[in-house]
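Single-structure report; data block below.
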Amino acid sequence: MKILVCMKQVPQKDAPLKLNESGTWIREDVSYEVNEPDAYALEEALRQKEKHGGEVVVITSGPARSQQVLREALAKGADRAIHLEDNAFVGLDALNTARAFAAAVKEEQFDLIFTGLQSDDYGYAQTGVVLAELLGWPHATIIMHIEKNDAGIRVKRELEAGFFQFVDMPLPAVLTIQSGINKLRYATLIGIKQAKNKPLRKVAMADVQSALSTNLQKIERLYVPQKTKQTQFLEGPAAEIAKKLVDKLRNEVRVL
Amino acid sequence: MADSILVVVEQREGKLNRVSWETVAAGQAIAVDTGWTLEAAVVGRGVAGFAGEIAAKKASKVYAVESPKLEPYTPEAFSAALKQFIESKQPKLVLMPHTYQVRDFVPKLATAMGRTAISDCIGYKKDGSNLLFTRQMFQGKLTADVSFACDAPWFVTFQNGAFRGDKAEAGASAAPVETVNVNIADGVIRNKPQDVFKEAKQAVDLTQAEIIVSVGRGIKEQKNIELAKQLAEALGGELAASRPICDSGWLPMDRQIGSSGQTVAPKLYLALGISGAIQHIVGMKGARTIIAINKDSEAPIFEIADFAVVGNLFDIVPPLIEEVKKAKAGS
Ligand SMILES: Cc1cc2nc3c(=O)[nH]c(=O)nc-3n(C[C@@H](O)[C@H](O)[C@H](O)COP(=O)(O)OP(=O)(O)OC[C@H]3O[C@@H](n4cnc5c(N)ncnc54)[C@H](O)[C@@H]3O)c2cc1C
Ligand SMILES: Cc1cc2nc3c(=O)[nH]c(=O)nc-3n(C[C@H](O)[C@H](O)[C@H](O)COP(=O)(O)OP(=O)(O)OC[C@H]3O[C@@H](n4cnc5c(N)ncnc54)[C@H](O)[C@@H]3O)c2cc1C
Numbered sequence: 049m050k051i052l053v054c055m056k057q058v059p060q061k062d063a064p065l066k067l068n069e070s071g072t073w074i075r076e077d078v079s080y081e082v083n084e085p086d087a088y089a090l091e092e093a094l095r096q097k098e099k100h101g102g103e104v105v106v107i108t109s110g111p112a113r114s115q116q117v118l119r120e121a122l123a124k125g126a127d128r129a130i131h132l133e134d135n136a137f138v139g140l141d142a143l144n145t146a147r148a149f150a151a152a153v154k155e156e157q158f159d160l161i162f163t164g165l166q167s168d169d170y171g172y173a174q175t176g177v178v179l180a181e182l183l184g185w186p187h188a189t190i191i192m193h194i195e196k197n198d199a200g201i202r203v204k205r206e207l208e209a210g211f212f213q214f215v216d217m218p219l220p221a222v223l224t225i226q227s228g229i230n231k232l233r234y235a236t237l238i239g240i241k242q243a244k245n246k247p248l249r250k251v252a253m254a255d256v257q258s259a260l261s262t263n264l265q266k267i268e269r270l271y272v273p274q275k276t277k278q279t280q281f282l283e284g285p286a287a288e289i290a291k292k293l294v295d296k297l298r299n300e301v302r303v304l
Numbered sequence: 027m028a029d030s031i032l033v034v035v036e037q038r039e040g041k042l043n044r045v046s047w048e049t050v051a052a053g054q055a056i057a058v059d060t061g062w063t064l065e066a067a068v069v070g071r072g073v074a075g076f077a078g079e080i081a082a083k084k085a086s087k088v089y090a091v092e093s094p095k096l097e098p099y100t101p102e103a104f105s106a107a108l109k110q111f112i113e114s115k116q117p118k119l120v121l122m123p124h125t126y127q128v129r130d131f132v133p134k135l136a137t138a139m140g141r142t143a144i145s146d147c148i149g150y151k152k153d154g155s156n157l158l159f160t161r162q163m164f165q166g167k168l169t170a171d172v173s174f175a176c177d178a179p180w181f182v183t184f185q186n187g188a189f190r191g192d193k194a195e196a197g198a199s200a201a202p203v204e205t206v207n208v209n210i211a212d213g214v215i216r217n218k219p220q221d222v223f224k225e226a227k228q229a230v231d232l233t234q235a236e237i238i239v240s241v242g243r244g245i246k247e248q249k250n251i252e253l254a255k256q257l258a259e260a261l262g263g264e265l266a267a268s269r270p271i272c273d274s275g276w277l278p279m280d281r282q283i284g285s286s287g288q289t290v291a292p293k294l295y296l297a298l299g300i301s302g303a304i305q306h307i308v309g310m311k312g313a314r315t316i317i318a319i320n321k322d323s324e325a326p327i328f329e330i331a332d333f334a335v336v337g338n339l340f341d342i343v344p345p346l347i348e349e350v351k352k353a354k355a356g357s
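The following block contains the structure:
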């Protein structure tokens, strides 16, 4: 199976975030990491390839810094990478991001495209499904298991509150992958070495521009949320905090 | 034609999803602020009964969008049905709850119509003639006001809990109900869904627990779970966790709290090293008292905590266990 995995670089989970000057995004000077479900999507693609043969290709769009996620993916075993490299790519909405991906891979024939189920930064939870619609392919979301069969694939969708559902679908298809579908592997030293010689194709904004439109939505303003609940912060050395907490548990929460 | 708002309610497996009332309440509020009319629709096979139920609420009309091909749910059939229906009615704004089902088909529907969806919103604002939709970003650390930069119809999905379902106003008289049969061509549906099921039986029922000590990724290593367990035991409570802890197999799945786990409402919920992502919060915000211990003063969990400790859980939990034991021994 030939599988494309969309991997996005996002600010690290506990990075302190500062607003940029226009108040529409954060300042770029934070540490980045791979979007968590995308790491699981890559792992799943590598496992499918190990079972059925084929090729795993990873793609990202973003500035030069985002090449890091591709390098890591190549070190873990992806065969090649595609980088839509331009600062302007991050300003695209999900529809245009998906259009850019579709344009960048239009010469290729994938059996499957994996995306994460949503990003940790913007969190639109749409890019994979939008891409499927643009390509005219079937899709399934929030996937926790994938099995190939003669007719195509059988996938396990996660539903709310602990429910699941199997869905049979033909290929090619787009799947959005949920964190926890598998156990992640680490890159090996040998993998890291080999990654240096693996192909990485760069795609410029000019190469896909004709497929894009202006954004259909606009971020007017980004801000720190207002607190709605009265929170009491308990301070002091640990031993004192422990005493204060027990006092609250006894006299206010009344569970002791 | 006057501008209208269309609320698409959710039915699944013969039941109206209760979150639908929240979306109706959202639609009613926006209708008041904009002067637009409010209509509602329910999509499926044999859904006229649900339409009747919705028609008791204040709305100018309720549609049952019907086709035998809408059962069982597939994103293809739902997208095709709603596209036909929305193209014929041309609402300005289309509202839905941000459920697993909606997030499965709305991006497809909006794309098929050359439009966009602002997803997972927690509210709206009217800014002059402009409508802004508020959504959380960066896992709840920041909030954004987002507007549409394209023609209607505008698609918006609202997060579970964003509006109060019990605030959905009843109408003076029942709204008229109309059945609209849609045509879904052969070959549109490619997915073959099987029956919905629940994984293994749950061994623990956390919904009955009065005290829950819950651990998140801040616990760092599997062996440290023991520390939280000791605190739970000292308090006479149950141990629970955020999803990554269960995904890693450090605690069984049936101890997971959140949208894909259990929903609990204990007297006390003590969150250790949990950031407070919305998918976790929906499972525990009903707790009477929430205590959070987190080293990051900006962790979103503090927004819903009654008592907060900014600090290292490994410093605070050991003396806390001792103090709880002392208090219990003394009482
Ligand atoms: C008006 C507007 C302005 C924006 N401005 C900025 C900005 O200044 N800076 C900025 O960093 N972001 C900005 N964004 C965020 C934007 O780049 C989104 O990331 C993009 O629209 C995709 O949506 P998402 O991240 O919510 O993806 P989701 O739909 O939540 O992501 C699902 C999956 O799609 C895949 N995916 C999505 N995006 C990428 C990508 N770039 N590369 C590889 N895979 C991907 C991943 O597999 C991911 O798990 C802006 C968005 C909008 C709408
Ligand atoms: C469709 C969907 C369904 C989901 N369902 C669920 C669900 O049911 N339940 C659920 O929980 N999640 C669910 N999630 C995942 C959710 O989005 C979050 O990723 C998850 O809740 C984060 O878990 P966490 O808070 O333990 O980890 P993190 O977000 O990594 O937070 C760890 C926290 O620990 C703190 N910390 C670190 N070290 C220490 C220390 N020494 N002392 C004190 N604090 C420390 C950090 O400051 C941080 O705030 C779902 C996601 C999706 C997209």
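Chains as they are written, first to last, in our numbering: chain A, 49 to 304; chain B, 27 to 357. The beta carbon of each residue, even a glycine, is placed where N, CA and C say it ideally should be.
Best match in B:I215, B:K293, B:Q305 for proximity to A267 (chain B) [C-alpha to C-alpha]: B:Q305
When you compare only the Cα positions, how much space is there between E283 (chain A) and D295 (chain A)? 14 Å
Can you name the start and end residues of the alpha helix (DSSP H) that F111 (chain B) belongs to? 101 to 115
Span separating the alpha-carbon of T125 (chain B) from that of G171 (chain A): 14 Å
Which two residues bound the contiguous beta strand (DSSP E) that contains A334 (chain B)? 333 to 336
At the level of alpha carbons, what is the spacing between G101 (chain A) and E102 (chain B)? 30 Å
Measuring only the C-alpha atoms, how far is K99 (chain A) from G164 (chain A)? 21 Å
When you compare each of A:R147, A:G210, A:R302, A:E76 to V256 (chain A) by their alpha carbons, which one comes out closest? A:R147
Below 8 Å on the Cβ atoms is my guess for I210 (chain B) versus L119 (chain B); work out the distance and round it to an integer in Å. Incorrect: roughly 25 Å between the Cβ atoms, too far for contact.
Sequence-distant residues of the same chain with beta carbon closer than 6 Å to N217 (chain B), five excluded per side: T100
Min CB distance I190 (chain A) to chain B below 9 Å: yes
Cutoff 6 Å; reference Q174 (chain A); Cβ partners in own chain excluding five residues on either side: A142
Amino acids of chain B, ordered along the chain, whose beta-carbon sits closer than 7 Å to that of F214 (chain A): Q220
Contact between the region 190 to 204 of chain A and the region 187 to 194 of chain B (3+ Cβ pairs under 8 Å): No, they do not touch.
So, for V138 (chain A): in the same chain, excluding its five sequence neighbours on each side, which residues have a beta-carbon less than 6 Å away from its beta-carbon? G110
To the nearest angstrom, how far is the alpha carbon of L339 (chain B) from that of S286 (chain B)? 26 Å
Out of A:R95, A:Q115, A:I74, A:G71, which has the shortest C-alpha to C-alpha gap to E81 (chain A)? A:Q115
Alpha carbon to alpha carbon, what distance is there between M163 (chain B) and V308 (chain B)? 16 Å
Just the Cα atoms here: how many angstroms apart are V303 (chain A) and I300 (chain B)? 22 Å
Should L296 (chain B) go down as buried or exposed, given a rule of 16 or more other Cβ atoms within 10 Å for buried? buried
Buried/exposed call for A52 (chain B), threshold 16 Cβ in 10 Å: buried
Here's the rule: buried if 16 or more other CB atoms are within 10 angstroms of the residue's CB, otherwise exposed. What is A252 (chain A)? Exposed.
Give a single yes or no on whether A337 (chain B) has its beta carbon closer than 8 Å to a heavy atom of ligand 1. Rather than Ala, the amino acid found at residue 337 (chain B) in this sequence is Gly. G337 (chain B) Cβ: outside cutoff for every heavy atom of ligand 1.
Compute the minimum distance between the beta carbon of A173 (chain A) and the heavy atoms of ligand 2, and state whether it is under 8 Å. yes
Figure out for me which residue from B:Q165, B:A82, B:E48, B:A201 has the closest Cα to the Cα of A325 (chain B). The residue with the shortest Cα to Cα distance from A325 (chain B) is B:Q165.
Interface flag, H187 (chain A) vs chain B, CB-CB below 9 Å: yes
Residues of chain B with a CB under 9 Å from the CB of R233 (chain A): which are they? By Cβ distance, chain B contributes nothing, its closest Cβ being about 14 Å from R233 (chain A), past 9 Å.
Looking at E92 (chain A) and I240 (chain A), is the spacing between their C-beta atoms short of 9 Å? no
What does the alpha-carbon distance come out to for the pair P186 (chain A) and M217 (chain A)? Going from the Cα of P186 (chain A) to the Cα of M217 (chain A) covers about 7 Å.
Could you give the C-beta distance for S227 (chain A) and D273 (chain B), rounded to a whole number, given that I count them as a contact under 8 Å? 6 Å
Is P59 (chain A) close to chain B, meaning its C-beta is less than 9 Å from at least one C-beta of that chain? yes
Within the continuous alpha helix (DSSP H) that includes Q380 (chain B), where are the two ends? Any question about residue 380 (chain B) goes unanswered here, given that chain B covers just 27 to 357.
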